[in-house]
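Reviewing the structure listed below.
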């Protein structure tokens, strides 16, 4: 049975967040695929979405994440969408943050956004399945999608921006999963997250 089809062993927080991402959010196959890839990644580490980051486990950039993401963290990561205000402002902040989260060796396209990833990329800096890693990415996309659909659906320029972001996240989640599988002998599973030693801490992302 695939991980996303069996939630009986999930921690409560994982079930809560999955509900936030799926209940009443029939946003198309691209969104559903993004959520599935996120679930697969979390499952490889035992769904540690309630584990706080520390100097060993790592975290995504807090300096540039959109303000609503910071408010969500401050409100104890409740399984509820946060208002994001102006869609254009949020989109610009999200793309800046997303760029900062990428492996330092990942190239950018003509728009200054992460380009199609090279097979040889080291994804360790994004292999963060705790409360301050890829969880923040998928939740930030949920906030954004809720406002896009409230504003009129998928035909606007802002809707396309959101869809592009969802596609970027899905590609990254897939690459991280495959990278993890390759580095774990193809098992695709880990029982827990061992704190890495100082010699094996994640490679830096685009910005320190």
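Residue numbers (our numbering): 302 to 509.
Here a beta-carbon is modelled for each residue, glycine too, at the ideal position from N, C-alpha and C.
The structure presented is a predicted model; accordingly, all values stated were derived computationally and were not measured.
Alpha helix (DSSP H) segment containing residue i, residue limits
{"i": "residue 389", "result": "388-402"}
{"i": "residue 315", "result": "313-323"}
{"i": "residue 442", "result": "435-451"}
Three-way DSSP call (helix, strand, coil) for residue i in this model
{"i": "residue 409", "result": "strand"}
{"i": "residue 415", "result": "strand"}
{"i": "residue 331", "result": "helix"}
{"i": "residue 369", "result": "helix"}
{"i": "residue 473", "result": "helix"}
{"i": "residue 310", "result": "coil"}
{"i": "residue 353", "result": "coil"}
{"i": "residue 338", "result": "helix"}
{"i": "residue 374", "result": "helix"}
{"i": "residue 458", "result": "helix"}
{"i": "residue 552", "result": "Outside the shown range of the chain (302 to 509) lies residue 552, about which nothing can therefore be said."}
{"i": "residue 466", "result": "helix"}
Whole-angstrom C-beta distance between residue j and residue i, which should lie under 8 Å
{"i": "residue 474", "j": "residue 388", "result": "Residue 474 to residue 388, Cβ: 23 Å. No contact."}
{"i": "residue 350", "j": "residue 315", "result": "5 Å"}
{"i": "residue 354", "j": "residue 431", "result": "6 Å"}
{"i": "residue 436", "j": "residue 318", "result": "7 Å"}
{"i": "residue 433", "j": "residue 360", "result": "4 Å"}
{"i": "residue 462", "j": "residue 392", "result": "5 Å"}
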